[in-house]
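Undergrad: Residue numbering for the sequence shown follows numbering that gives the first Met the number 0, starting at 0 and increasing by one per position.
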Amino acid sequence: MGIKEQLGTEKVDIIVGIPSYNEENNIGFVTEQVVAGLKKYFSSYSCIIINLDNDSTDNTRQAFLGTFTDGIPAFYLSTPTGVRGKGNNLRNFFEIAKELKPKACITVDSDLKNITPEWIKNLCQPLLEEYDYVTPIYARHKYDGTITNNIVYPLLVGLFGYNIRQPIGGEFGFSSRLAEHWLSQEWSENVRNYGIDVFMTVNAIIGGYNICSTYLGAKIHKVKDPGESLGPMFRQVIGTLFTLIRAHHKALDGKKIKEVKVFGNTHLEEPPLMCINTNTLLKAFNAGRAKHKELLKQSLSKESYAALKEIALETTSMKAEMWAKMLYELLAAYEKSNRKEELLEAIQPLYFGRVYSFAKQTAGMSQQEAEQEVQRQARAFHELREYCLELLKQEK
């Protein structure tokens with residue numbers, strides 16, 4: 000029996016979805032905070048909570064359903080056996096939103112260690128007003144979120160002209176009409192996995208939906224050293240972003256940077272400490288540059304490849320402008336490449352090189368000072384946007 004059948008004629012105003020895979024030890028805590036937020040701030044609304052699982056092999060289901068929800072209906076929904084991917088989880092959520100048509104939908108990750116009831120308020124309230132999409136703003140350590148800081152965020156600012164600080168944050172609010180829009184788009188295998196967050200944000204921009212951001216504070220979750228193995232995540236996120244940019248390059252209306260409205264208390268608290276292994280980054284840069292030298296030579300301009308070939312990061316930094324130009328050239332080469340997966344792999348060591356340079360540059364900086372460097376890099380991407388657009392025209 001489906002969720003709609005179980006609810007009968009009851010109308011649902013707010014749905015909170017919690018994607019998971021093997022989170023038996025933490026999903027109960029996240030669910031408790033969701034319940035507290037709904038009860039404290041939205042007690043007059045009809046609410047439900049759904050665990051969107053990936054057929055966990057542990058006791059995630061039992062842990063979720065065993066959590067006290069104070070009268071709020073709780074449902075467990077899983078992808079079929081063997082089907083993984085956060086995108087598949089969220090697609091299930093979008094289908095439910097399309098069917099039930101709630102006023103607001105919220106998704107929060109199941110590995111959060113410090114979610115509070117206020118997160119639910121901050122993600123939901125704008126949806127009850129005029130907004131379709133709510134993205135998070137976190138107080139993050141300067142070395143956390145390096146894919147966001149060095150690739151996704153600057154590309155969105157540079158090409159789309161949207162200053163959405165955390166476009167792949169993991170916690171979002173959205174309207175049911177936006178969920179229907181997402182369902183109508185093309186779903187690649189990358190989107191069904193880690194590419195889902197950037198897919199959501201870019202399609203919200205291109206679709207002309209009302210977007211805002213909301214401050215959530217520090218985010219404590221499972222963090223990884225940027226120099227450690229990225230697995231398929233890097234390729235899925237960047238592959239999705241590149242594909243969307245190429246598919247909609249005529250809609251890149253970013254001549255001016257648009258500031259989205261920010262809700263919540265923007266006082267930046269200090270995030271948890273985090274270490275970064277710069278030696279690992281340096282080794283990965285040098286090894287990857289050598290491994291992919293032929294493909295990089297074919298894909299980059301002569302000027303960029305010469306600079307990449309000669310740069311010694313031990314003594315010279317990969318400047319934001321150099322990084323922006325190289326990434327734009329690789330984006331332009333991506334569509335016609337018959338080695339797309341290999342090209343995405345070739346970008347990884349260059350990304351490691353940029354993160355290494357950023358780490359050296361900001362070693363003695365506060366979080367706020369380092370954030371200014373992230374903003375400066377985004378502006379560098381925006382200043383070079385015409386260069387990128389010309390490359391995209393040439394590749395068509």
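From the three backbone atoms N, C-alpha and C, an ideal C-beta is built for every residue, glycine too. Note that the coordinates shown come from a computational prediction; the quantities given were computed from them, not determined experimentally.
Since residue 177 and residue 138 should fall inside the 8 angstroms C-beta cutoff, what is the C-beta to C-beta distance between them, to a whole number of angstroms?
TA: Not quite, the Cβ-Cβ distance comes to about 27 angstroms (not below 8 angstroms), so this is no contact.
Undergrad: In the DSSP assignment, find the alpha helix (DSSP H) that holds residue 26 and state where it starts and stops.
TA: 26 to 40
Undergrad: Can you tell me whether residue 270 is buried or exposed, with buried defined as 16 or more other CB within 10 angstroms of its CB?
TA: buried
Undergrad: Hey, would you say residue 212 sits closer than 8 angstroms to residue 135, going by beta carbons?
TA: Between residue 212 and residue 135, the C-beta spacing is below 8 angstroms.
Undergrad: Could you spell out the range, first to last residue, of the beta strand (DSSP E) harbouring residue 419?
TA: Nothing about residue 419 can be reported from this structure: the residues present for the chain run from 0 to 395 only.
Undergrad: Going along the chain, which unbroken runs of the alpha helix (DSSP H) with 4 or more residues stay wholly within the stretch 200 to 245?
TA: As far as the stretch 200 to 245 is concerned, it has no whole alpha helix (DSSP H) run of at least 4 residues.
Undergrad: What residues in its chain sit with their C-beta under 6 angstroms from that of residue 263, if we drop five residues either side in the sequence?
TA: 121, 213 and 214
Undergrad: By DSSP's criteria, residue 52 is part of a beta bridge. Which residues make up the other side?
TA: 19 and 77
Undergrad: In terms of residue numbering, what span does the beta strand (DSSP E) encompassing residue 123 cover?
TA: Element bounds for residue 123: not the beta strand (DSSP E) but the alpha helix (DSSP H), 116 to 123.
Undergrad: Thinking just about the alpha-carbon of each residue, which of 1, 191 and 142 is nearest to the one in residue 275?
TA: 142
Undergrad: Quick one: is residue 22 buried, meaning 16 or more other Cβ sit within 10 Å of its Cβ, or exposed?
TA: Under this definition residue 22 is a buried residue.
Undergrad: Would you identify the three-state DSSP class for residue 285, choosing helix, strand or coil?
TA: helix
Undergrad: Threshold first: 4 residues or longer. Then list the alpha helix (DSSP H) segments lying entirely within the stretch 285 to 352, N to C.
TA: DSSP assignment within the stretch 285 to 352 yields the following whole alpha helix (DSSP H) runs of 4 residues or more, N-terminal first: 292 to 298, 301 to 309 and 319 to 333.
Undergrad: Beta carbon of residue 183, beta carbon of residue 239: below 8 angstroms?
TA: Not closer than 8 angstroms, so no.
Undergrad: Helix, strand or coil, according to DSSP, for residue 71 in the structure here?
TA: coil
Undergrad: Please state the DSSP three-state secondary structure of residue 46.
TA: strand
Undergrad: Does the beta-carbon of residue 287 have 16 or more other beta-carbons within 10 angstroms, so that it is buried, or is it exposed?
TA: buried
Undergrad: Using C-beta distances below 7 angstroms, list every residue in its chain close to residue 165, excluding the 5 sequence neighbours before and after it, in chain order.
TA: 134, 135, 136, 137 and 147
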